[in-house]
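> Got a structure for you, questions after.
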Amino acid sequence: MIPAALKYVEVDSAAAAVAALSEYGDDAKLMAGGHSLIPLMRFRLAAPAVIVDISRMGGLSDIRDAGEHISVGALARHHVVENSELLQAQAPLLAHVASKVGDPSVRHRGTLGGSMAHGDPASDLPAAVLALGGSVVLQGPDGERVVAADDFFTGFLETATAETEIITEIRIPKSSAGWSFQKFNRRAQDWAIVGVAAVLGDDPRVSLINMGPSPMRASAVEAALAGGASMAEAASLATDGTAAPTDLNGDADYRGHLARVFVERALVEAAG
Amino acid sequence: MTIMGTPRLRKEDPKLLTGEGKFVDDIHAPGELWMGMVRSPYAHAKIVSVDTAEAAAHSGVHAVYSGKDLEEMGLWIAPLPCVWPVTDDMLNPPHVPVVTEEANFVGEIVAVVLADSRYGAVDAAELVEVSYEELPAVASLDAAVTGDALAHSDLDTNKAYHWPLVPDPDALDAAFANAAHTVTGTFVQQRLIPAAMEPRGVLAVPSPHGGDITLYSSSQVPHILKVMVAATTGIPENKIRIVAPAVGGGFGAKLNINPDEILAVTLANRLGLPVRWTETRSEAAFSTHQGRGQNQTIEIAADAKGKILGVRVHLDADMGAYMRLITPGVPLLGSFLYTGVYDVPAFGFTCDGYFTNLTPTDAYRGAGRPEASYAIERAMDLLANEVGVGPDEIRRRNYLNGGEAFQDLEVASTLVFDSGHYGPNLDKALELSDYASLRAEQQRRREAGESKQLGIGLCTYVEICGLAPSRALAGLNYGAGGWEHALVRFLPTGKVEVVTGSTPHGQGHETSWSMIVADKLGVDPDDVEVLHSDTAISPLGLDTYGSRSLSVGGVAISMACDKVVEKARLIAAHQLEANPDDLEFSGGVFRVKGTPTAELPIQGIAYEAFTAHNLPDGMEPNLQEQMTFDPPNFAFPFGTHVAVVEVDEDTGGVTLVGYTAVDDCGPQVNPLIVEGQVHGGIVQGVAQALWEEAVYDEAGNCKNPSFLDYLVPSSMEVPSMVLDSTETPSTSNPLGVKGVGEAGTIGSAAAVINAVCDALSPYGVTDIEMPATPQKIWRKIQDAKGGEA
Ligand SMILES: Cc1cc2nc3c(=O)[nH]c(=O)nc-3n(C[C@H](O)[C@H](O)[C@H](O)COP(=O)(O)OP(=O)(O)OC[C@H]3O[C@@H](n4cnc5c(N)ncnc54)[C@H](O)[C@@H]3O)c2cc1C
């Protein structure tokens, strides 16, 4: 639990972060809240030669009303997301999910951008962004691009973010649809063994936590709902296209069962 | 008693809560070197070669030593000690701080780096090239008992010892032959990682002149450590000083003599430089001993009414790779308690200790007694089912002395219980928990077919603490005594210093000891300073473990205070020109009976004793007395715990929704501290029942050595508890006190698992292995439903 030697660089703007990433190449890692990165470094599962600290730079932690959507700065900490009146009113699912991440000290350090960039299939916030149909704004040497959350998570701890890009913003469409978040774990501060986020409305969206290599949508459930299936019928399809892991908290079969139970509970709650 | 018995905030807390506590890791010595440990990645492997060259060349590295290097340097004269050879023929393979030939568990130290920084030491340790030849590993207790692999290549068996306690074999056989009912429980006590809040650490500082050495260690046993460092290293005992500064919890895991302690002392001594090390959280899972690790079989024979005729117990106990300080004795500490609070005419207990290629086990909160109370209390529920009566009724039918009060009662295991009064204790717990309403609510949910079912579990435990009568320990082959030492000293200004041999590591001794002294001497508790945990200040002691501090060390203080009062009385009588017998002492003042004006405060007498201007002929100056108390018997606290769980049948998720505990530890010195101990103790037992387990793969690697998936519960997982007590004084000491540090843990695991089984009883489930994870519970339900879903 003692990290390897590293060079520490602090930057004060997204442009400077991009410049640092361009300079140091794949030896470098951005650090936001550090709450996913530092544990990996302490176990020496990651040993970046250069740490580019973006956590104290200004401008990237605001939460703004941008008309169609809410713009959440990548550096917004979970507790800020949790307590944002704007999000509570316009995208309550995201604020609620932020309140269920880890414990208070984790929520005071971790950032939404870091959580998206890390792309951990067991993490909560990516599931919420997926269910809300959000998108991610990336800034790189060639300027800015916007990637839909649906296209953002590409594999285990892999995302569409290029080596020289920084996430600057997460866009969350305003939503007044019924929603639900279900997180099943053994201790309050733990990661989900299985979790479900659902947003109903015209185009129902359901996402799953810890049911595959990356944060994912339950496409079969969504399609069944769109086709008029009952909630129970739709929920019975929760494991279609999933590849749940086996670990000390449960094997893949059990996770599959939990996914069906919690998708159904989520649909019932969101509809209620 | 005016101060004793009243809740009082802890003196220790402001310092600890404001970050002023000085732990080993906060203490530094100029020129100190950090140790970095090279640890075996294999559970069992021959060490072919150790190449230290690259590590030695790393910047900031002072030296790198393999086990062979250290052996040649002759740094120790004996292996790490085991002081409890439970049988004469017990196997005890030598355990040296750094292995030379064969690594026997993952994490065993193979080489040591000394560097000028912690980072440098860890980096260089990664550069040491060790070539191993992997050997078959004994990666579980089951494998040790039934498998072919040997944990130690040079032994021809994994069985370390066989220990029987069968006072009357014929009577036992007859009990089972005549039984109307017999039940058998087979239970697994999983391995637990003690996980004290502060990991262990050491700093050894040699003095340049005089050849003496100070070892700062996060130890709960500095006095025992001092003797053992001398015995292991050959450094004269009077050249060794051990300091245990603020110690952040121990739970038994800091009750050992560790490789790092011996390495730090011997290397510092040899090099003339301070040497330090602090374990990381994950390192602690390998390098500090673990708890539990037993397979239990318990059988009860009973008559038609469920009255017990006999209890027969067999344990297989996982020693791990080596015998640590008291490893082999831990299961035996529980052996006498497998008959619980019950009147058991015939009893038999046997234990086989086995070596595995896993981290050694040793004492962990309760040490043998949580295992015992778990087995008997789970088995009593099996018996209740078998006989067809409630868990409360089966207990009542079997209580010692019919549940009535008793003193000094010999039980089946041949021990004499100091005192007990079990009936009213159970009544109180049932009433406080509103047991009848709980049962009604359970019935309602069952009938309504709700998905969240209620389970109610009882545990009526008894435990043994107050270690110990030294002679009783001799009978068990234990290598030390069980007394405790105290010294009480009045300073010239009337303030009091107390020197205690009990070494606190979170229990609040400073507060409790001041309260005893305050009552005894009639001074303010804030005028009492308690000195401890440094062998230069407190040279005599046997430290803190086994819930012994108050009932041995606290009593010693009380008795030393009595001696102080007696000496002060002679001085007062001399100066007041009265007969000592005519003096009464209260509120810190001696008064001549019937002459209210003739009085002397004890704090003034302290000054008189200091100047020695006017003392009785032949009396020594100063007002200070000491006492070493060796109790005539153990103490046997008891209590009733009621756990209420909610089981979600759809997910297998279990939530502890209610907990009531009525403990009886005799008179309480500080009820606030008792409450804290009971709280923490209960949570530690609940943790075994629901969350914690050191899980190993087939190669002997611990799969969950960090807090990511070793699930220590937090306050979020535990409901607000209802705590109360009954008070049955002990006959083992003049204060009548019993211990309470482990009681919570001893009562709670069985209560919780009894509750989980109770919730699942409509499915015919009678047992579930700890920890009762959601997946296990869900599988039980699926199996009962015939495997659908
Ligand atoms: C004890 C504990 C419990 C936790 N429990 C939960 C939980 O229950 N649920 C949950 O969802 N999460 C949990 N987390 C994770 C937590 O939410 C993390 O904070 C989050 O996953 C990562 O955010 P961060 O800002 O800390 O990212 P960092 O750790 O700083 O970075 C993570 C990765 O993202 C990259 N990165 C960071 N910011 C950017 C950016 N703006 N642009 C591009 N790349 C970037 C980094 O280079 C790194 O690769 C827990 C963490 C801990 C330590």
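Those sequence lines, one after another, are chains A and B.
Heads up: the first sequence is residues 1 to 272, going by this note's numbering.
Heads up: the second sequence is residues 273 to 1061, going by this note's numbering.
Idealized CB from N, CA, C, for every residue including glycine.
Everything numeric in this text was worked out from a predicted model, so none of it was measured.
Ends of the alpha helix (DSSP H) at W785 of chain B?
Run containing W785 of chain B: 781-793, per the alpha helix (DSSP H) assignment.
> With which residues is N528 of chain B paired in a DSSP beta bridge?
None, per the DSSP bridge assignment.
> Is M1 of chain A near ligand 1, going by C-beta to nearest heavy atom under 8 Å?
no
> Which first and last residues belong to the alpha helix (DSSP H) in which W755 of chain B is found?
Taken as a continuous stretch (DSSP letters only), W755 of chain B belongs to no alpha helix (DSSP H), as it is neither H nor E.
> Quick one: residues with CB closer than 5 Å to any heavy atom of ligand 1, in chain order, please.
A:K29, A:L30, A:M31, A:A32, A:G33, A:G34, A:H35, A:S36, A:L37, A:A74, A:V101, A:G102, A:V106, A:G110, A:T111, A:G113, A:G114, A:S115, A:A117, A:H118, A:S123, A:D124, A:I166, A:I167, A:W191
> Which residues in chain B have a C-beta closer than 7 Å to the C-beta of V261 of chain A? List them in chain order.
D922, T923
> Let's see if you can read the secondary structure: which residues bound the beta strand (DSSP E) around Q725 of chain B?
724-734
> Counting contacts by CB-CB distance shorter than 9 Å, is P39 of chain A in contact with chain B?
P39 of chain A counts as touching chain B.
> Does DSSP classify N83 of chain A as helix, strand or coil?
helix
> Could you say which of B:N528, B:G860, B:A350 lies nearest to P797 of chain B if we only look at CA atoms?
B:G860
> Compare the C-beta of I2 of chain A with all C-beta atoms of chain B and state if any pair is closer than 9 Å.
yes
> Tell me the rounded alpha-carbon separation between A1023 of chain B and A808 of chain B.
CA-CA distance, A1023 of chain B to A808 of chain B, rounds to 44 Å.
> Can you list, in chain order, the residues of the region 183-205 of chain A whose Cβ is nearer than 7 Å to any Cβ on chain B?
F184, R186, R187, A188, Q189
> Flag F43 of chain A as yes if its beta-carbon sits less than 9 Å from any beta-carbon of chain B, otherwise no.
yes
> Listing by chain order, which chain A residues have their CB less than 8 Å from the CB of L983 of chain B?
R186, R187, D190
> With burial defined as no fewer than 16 other Cβ atoms inside 10 Å of the residue's Cβ, what is the status of A1061 of chain B: buried or exposed?
Caution is warranted here: a pLDDT of 45 is assigned to A1061 of chain B, below 50, making its placement in the model unreliable, and the coordinate value is therefore given only provisionally. It is exposed - the Cβ of A1061 of chain B has fewer than 16 other Cβ atoms within 10 Å.
> Kindly list the residues whose CB is nearer than 7 Å to the CB of P408 of chain B, restricted to its own chain and excluding five residues on each side of it in sequence; keep chain order.
H316, A421
> Hey, T504 of chain B and I349 of chain B: beta-carbon distance below 9 Å or not?
yes
> In this structure, what does DSSP give as the bridge partners for A335 of chain B?
B:L386
> Where do the N-terminal and C-terminal ends of the alpha helix (DSSP H) with N260 of chain B fall, by residue?
Nothing in the structure corresponds to residue 260 of chain B, since chain B is present only between 273 and 1061.
> Can you look up F558 of chain B in the DSSP assignment and give me helix, strand or coil?
helix
> So, is S705 of chain B buried or exposed, given that buried needs 16 or more other C-beta atoms within 10 angstroms?
buried
> Return the first residue and the last residue of the alpha helix (DSSP H) that Y636 of chain B is part of.
It is not in any alpha helix (DSSP H) - Y636 of chain B carries neither H nor E in the DSSP assignment.
> Exposed or buried, A832 of chain B, counting other C-beta atoms within 10 Å across all chains shown (16 or more means buried)?
buried
> Could you check if D202 of chain A is buried or exposed, using at least 16 other CB atoms within 10 Å of its CB as the buried criterion?
exposed
> In whole angstroms, what is the alpha-carbon distance linking P888 of chain B and E838 of chain B?
13 Å
> Rounded to the nearest angstrom, what separates L814 of chain B and D902 of chain B at their Cα positions?
Rounded to the nearest whole angstrom, the CA to CA distance from L814 of chain B to D902 of chain B is 11 Å.
> Please report the distance separating the alpha-carbon of H300 of chain B from that of L93 of chain A.
Those two C-alpha atoms are separated by around 50 Å.
> Output the boundary residues of the beta strand (DSSP E) element that contains E352 of chain B.
Per the sequence shown, residue 352 of chain B should be read as Leu rather than Glu. Neither: L352 of chain B is in no beta strand (DSSP E) and is coded neither H nor E.
> Any Cβ of chain B within less than 9 Å of the Cβ of L237 of chain A?
no
> Which residues in the same chain have their Cβ closer than 8 Å to the Cβ of V688 of chain B, if we skip the five residues on either side of it in sequence?
So the qualifying residues of the chain are D680, L681, E682, N905.
> So T505 of chain B is in the alpha helix (DSSP H); what residue range does that whole segment cover?
494-505
> Can you list, in chain order, the residues of the region 223-255 of chain A whose Cβ is nearer than 8 Å to any Cβ on chain B?
D247, L248, N249, G250, D251, Y254
> Just list the alpha helix (DSSP H) runs in the region 762-846 of chain B, keeping only unbroken ones of 4 residues or longer that don't cross its boundaries, in chain order.
781-793
> According to DSSP, is I170 of chain A part of a helix, a strand, or is it coil?
Note: I170 of chain A maps to strand in three-state DSSP.
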